[in-house]
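Numbering (the numbering used here), first residue to last: 434 to 611. Structure first, then comments.
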């Protein structure tokens, strides 16, 4: 009788563990090497706030010129203010130590900027398309500076080229405005 109860318990326990295993398995990974199957790319959604009204408050003398125009220059000022933290090296010293918050995201945005500049120079993209794309990249970067972005940063690290980074930011990230 005890053996029967023990066998029943083990059978039910093993079935529940197998079901848990099935529920947590990511099926898209199992198909990635299967011919005829397309691997789905992970998408991201973040809560956002529109900072466009605050861009008018940015002092024009504090912004550097940008090859994509004045609006992008203001957003770059906002982006740099959000991602860089300046601390004095020693009291009374005018030199500052600059730390970067979320360096993976910061460097990816800078890579995209360099690539867009090169693409405009080579006539691979129109200036208007570059402005629209980089505007979205900056909106995303500014809005996620305080969010939990570990998964997004892993995806950035797994993405190699600046073109793939641009695709990640513009096609696979959605901002849900409050």
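For every residue, glycine included, the Cβ atom is placed at its ideal position computed from N, Cα and C.
Bridge partner(s) assigned by DSSP for residue i
{"i": "residue 481", "result": "610"}
{"i": "residue 530", "result": "520"}
Straight-line gap, residue i to residue j (C-alpha atoms, nearest Å)
{"i": "residue 534", "j": "residue 571", "result": "15 Å"}
{"i": "residue 598", "j": "residue 583", "result": "16 Å"}
{"i": "residue 587", "j": "residue 542", "result": "15 Å"}
{"i": "residue 628", "j": "residue 514", "result": "No answer is possible for residue 628: the residues shown for the chain start at 434 and end at 611."}
{"i": "residue 558", "j": "residue 551", "result": "9 Å"}
{"i": "residue 560", "j": "residue 549", "result": "9 Å"}
{"i": "residue 528", "j": "residue 555", "result": "39 Å"}
{"i": "residue 461", "j": "residue 564", "result": "Here the model assigns residue 461 a pLDDT of 37, short of 50, so the residue's position is not dependable and the matter cannot be decided."}
{"i": "residue 600", "j": "residue 504", "result": "22 Å"}
Residue nearest to residue i in terms of C-alpha spacing, selected from the options
{"i": "residue 517", "options": "524, 499 and 538", "result": "538"}
{"i": "residue 474", "options": "611, 610 and 589", "result": "589"}
{"i": "residue 553", "options": "567, 540 and 541", "result": "567"}
{"i": "residue 508", "options": "555, 569, 541 and 524", "result": "569"}
{"i": "residue 483", "options": "511, 506 and 503", "result": "511"}
{"i": "residue 608", "options": "591, 528 and 580", "result": "580"}
Under the three-state DSSP convention, the category residue i falls into
{"i": "residue 513", "result": "helix"}
{"i": "residue 585", "result": "helix"}
{"i": "residue 547", "result": "helix"}
{"i": "residue 557", "result": "coil"}
{"i": "residue 552", "result": "helix"}
{"i": "residue 476", "result": "coil"}
{"i": "residue 572", "result": "helix"}
{"i": "residue 590", "result": "helix"}
{"i": "residue 535", "result": "coil"}
{"i": "residue 497", "result": "coil"}
{"i": "residue 595", "result": "helix"}
8 Å contact criterion, which residue i and residue j should meet: CB distance rounded
{"i": "residue 500", "j": "residue 576", "result": "23 Å between Cβ atoms; not a contact."}
{"i": "residue 605", "j": "residue 476", "result": "5 Å"}
Residue-level contact to chain B via CB, residue i, 8 Å cutoff
{"i": "residue 509", "result": "In summary, chain B is missing from the structure at hand, where a single protein chain is found."}
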